Amino acid sequence: MALPQENRLKRRQDFDWVYQTGIRRRATHLHIVAVQTKSPCSGGLNESQFGISISKKVSKLAVVRNRLKRQIKAALRSLLPQIKPGWSVVIIVRSSILGCNYWQILRELEQLLLKSEVIRGD
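Sequential numbering from 20 applies to the sequence shown in the working numbering.
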């Protein structure tokens, strides 16, 4: 099951904008680039949007890259209720992730989102 339509970052221009203006946080297996789309003071906040970037350097096999995308999307779905609205986030996968299971990915993603203040700390 995929992320809801309103939570997807789809266009190349959106990815480029996040890369250029976002804050970067790094961990062992994942990197994130996040930018707040609107100020929290203004009323019209959108849903947060996420994009996943996996290079062929991670694995030449599309099967492996797609499995990693599915695991990251599942982790994001479980974290969606805690995520603040109005953020655009690109998740970049490193090749060291190949030995990880779902729970390690979930824990590292949650730590990165906490560090960048995309997720509520309660």
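Note that beta-carbon positions come from the ideal geometry of N, C-alpha and C, so glycine has one too. Remember, predicted model here, so these are calculated numbers, not experimental data.
Cut-off 7 Å between Cβ atoms - residues of its own chain near arginine 84, not counting five sequence neighbours on either side: The residue labelled residue 84 in the question sits at position 65 within the sequence shown. So the qualifying residues of the chain are Ile73, Val77, Ser78.
Pick from Gln24, Arg44, Ile71: whose alpha carbon is nearest that of lysine 134? Counting from 1 along the sequence shown, the entry for residue 134 is found at position 115. Arg44 is the residue among Gln24, Arg44, Ile71 whose C-alpha sits nearest the C-alpha of lysine 134.
Determine, using beta carbons only, whether valine 137 and lysine 103 come nearer to each other than 9 Å. As a first step, residue 137 is located in the sequence shown; it is residue number 118 there, counting from the start. As a first step, residue 103 is located in the sequence shown; it is residue number 84 there, counting from the start. Yes, the Cβ-Cβ distance between valine 137 and lysine 103 is below 9 Å.
Could you give the residue range of the alpha helix (DSSP H) that holds arginine 94? For the purposes of this step, residue 94 is identified with residue 75 of the sequence shown, where counting begins at 1. Sequence inspection shows alanine at residue 94; the arginine mentioned does not correspond to that position. Element bounds for alanine 94: 81 to 98.
Given this structure, state the Cα-to-Cα distance separating glycine 105 from leucine 98, to the nearest angstrom. As a first step, residue 105 must be located in the sequence shown, where it is residue number 86. As a first step, residue 98 must be located in the sequence shown, where it is residue number 79. If you take the alpha carbons of glycine 105 and leucine 98, they lie about 15 Å apart.
Use the C-beta contact count for arginine 112: other C-beta atoms within 10 angstroms, 16 or more gives buried, fewer gives exposed. Position 93 of the sequence shown, counting from 1, holds the residue named residue 112. According to the sequence as given, residue 112 is valine; it is not arginine. So valine 112 counts as buried.
According to DSSP, is valine 137 helix, strand or coil? Here residue 137 refers to the residue found at position 118 of the sequence shown. Collapsing the DSSP output to three states places valine 137 in coil.
Classify arginine 45 as helix, strand or coil using the three-state DSSP reduction. Here residue 45 refers to the residue found at position 26 of the sequence shown. Residue state, collapsed to three classes: strand.
Between the alpha carbons of glycine 41 and valine 52, how many angstroms are there, rounded? Working through the sequence shown from its first residue, we reach residue 41 at position 22. Working through the sequence shown from its first residue, we reach residue 52 at position 33. Going by C-alpha positions, glycine 41 is about 5 Å away from valine 52.
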